[in-house]
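Whatever position you read off the sequence shown (first residue = 1), add 300 for this note's numbering.
Glycine is no exception: its CB is placed at the ideal position from the N, C-alpha and C atoms.
Treat the numbers as computed from the prediction; the structure is a model and nothing was measured.
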Amino acid sequence: MNDSLFSPVDPDGIRRFLFEGAGVRGVIVRIEHSWQQIRVRDDYPDSVARVLGEVTAATALFAGDIHLAGNVSVQMKAPPLLPLVFAECTAEGDVRGLARWGDDARDSSLRPDELSGAVLAITIERKESGTRYQGMVPLEGETFARSFEAYFAQSEQLPTAIYLASNQTTCAGMLIQQIPTEGGAERERDALTFEHAKILADTLQTDELLTLDATELLHRLYHEDDLRLFDAYPVRFRCSCSRERVAGMLRTLGREEVFTVLSEQGQVAVTCEFCNEPYRFDGIDLEQAFASEMLNAAPQRAQ
């Protein structure tokens, strides 16, 4: 492996790599500062935070996957222990996430086999075309990584190996995937390379995934292989909420319901669940919000 390809990276970053001469690619994600910003937004029990961290790392891995080129969100529903786990990562590396949990979640390890009937929904929004695609898989296997692998096997039909880890300070992940080819000798070569890459990746320890940066991790696993390592790009916590979006949400509730709250409380207060940003609307604000709805709905005259 060519060490000259390596350069220092931000502790919050996504890094892609390829095995030269074979159709096998990979992504490594390690998130520290942004994960801590997500985690402190609520008093998550340790088991809930671990699940949210793994789902957040997986979401960033999928957004960093070369062939997706879009925004990715992952949603898991597993009531009553985990009514909701949600994470989102844009093509630019903006990440956010949250979880809702039941009372018994504090006393559970929240392993997939304890979450009967749980479902993972992965939504991909292509950046260039704006088209949306959603795939759903049941939560199965001993780890969340195995369930995500099942998604790629069923929806993408691509051999994929996924590794996820999370603790109080860091969430991280690695993805290895065989690239589709026409078949024949190339497919056999790629299958052998993928199996080789997976065998070595299976030796990876959780603490290594959480503490080693991409350079160290790849050198630890594949120092005898010829890799092409692409430039890292940063991951950062950034919420897409705005006053305009909240006003739009209030309009969907309807004028009667919103103004009833106003009459009872003197204002309408909304707090973003992702970033805890407060938004407050008085009577004038709400009149303007609903007036803009009427203006947008009015027929346009030819100029």
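Name, in chain order, the residues that DSSP records as bridge partners for residue i.
i	result
Arg551	Bridge partners of Arg551: none, in fact.
Ser466	Cys471
Arg330	Gly313, Ala472
Ser408	Ser408 is not bridged to any residue.
Val437	Leu420
Val325	Correcting the residue identity first, residue 325 is Arg in this sequence and not Val. Answer is Leu318, Gln477, bridged to Arg325.
Ala399	Val385
Within the same chain, show all residues whose beta-carbon is closer than 6 Å to that of residue i, passing over the 5 residues directly before and after it, in chain order.
i	result
Gln375	Phe386, Ala421
Phe590	Arg555
Arg406	Pro345
Pro308	At Pro308 the pLDDT is 42, less than 50, meaning the model places this residue with poor confidence; the figure from the coordinates comes in the next sentence. Hits under 6 Å: none found.
Asp526	Glu320
Tyr433	Ile424
What does the alpha-carbon distance come out to for the pair residue i and residue j?
i	j	result
Glu425	Gly473	21 Å
Leu361	Asp394	12 Å
Glu488	Ser455	22 Å
Leu305	Thr515	Low confidence applies here, because Leu305 scores a pLDDT of 39, under 50, leaving its location unreliable; read the following figure in that light. Taking the straight line joining both Cα atoms gives about 9 Å.
Thr460	Leu318	14 Å
Trp401	Ala418	13 Å
Tyr579	Thr552	16 Å
Gly548	Asn576	18 Å
Thr511	Arg330	9 Å
Pro311	Glu332	6 Å
Thr469	Gly583	43 Å
Asp413	Leu586	47 Å
His519	Glu320	15 Å
Glu486	Ile479	11 Å
Asp507	Glu354	14 Å
Cys539	Thr359	15 Å
Val324	Gly370	20 Å
Phe494	Ile328	16 Å
Ser409	Ser347	6 Å
Ser416	Gln588	47 Å
Phe530	Gly313	12 Å
Thr481	Ala453	16 Å
Ala349	Leu562	35 Å
Glu544	Glu573	16 Å
Glu388	Tyr522	30 Å
Go through its chain and collect everything with a Cβ distance to residue i's Cβ below 8 Å, but skip five positions before and after it.
i	result
Leu595	Only weak support exists for where Leu595 lies, its pLDDT of 43 falling under 50; the value from the coordinates is given anyway. Here the set comprises nothing.
Ala567	Note that residue 567 corresponds to Gln in the displayed sequence, not to Ala. Once the five neighbours on either side are set aside, the close Cβ partners of Gln567 are Arg580, Phe581, Asp582.
Could you round the C-beta distance between residue i and residue j to whole angstroms and report it? I think they count as a contact, below 8 Å.
i	j	result
Thr322	Asp490	One detail in the question is off: residue 322 reads as Ala in this sequence, not Thr. Correct: roughly 5 Å between the Cβ atoms.
Thr356	Gly326	So it is not a contact: roughly 19 Å between Cβ atoms.
Gln477	Leu458	5 Å
Val546	Val570	5 Å
Leu464	Ala450	Contact flag wrong, Cβ pair sits at about 14 Å.
Leu439	Ala378	7 Å
Gly404	Leu381	Looking at the sequence itself, residue 404 is Asp, so the reference to Gly does not match. Contact flag correct, Cβ pair sits at about 6 Å.
Here's a check: name, in chain order, each residue in its chain whose Cβ is nearer than 7 Å to the Cβ of residue i, leaving out the five neighbours to either side.
i	result
Asn467	Leu510
Gly364	Ile314, Arg316, Val327, Val329
(message) Under 8 Å: do the segment 336-344 and the segment 542-561 share three or more Cβ pairs, one atom per stretch?
(response) The segment 336-344 is not in contact with the segment 542-561.
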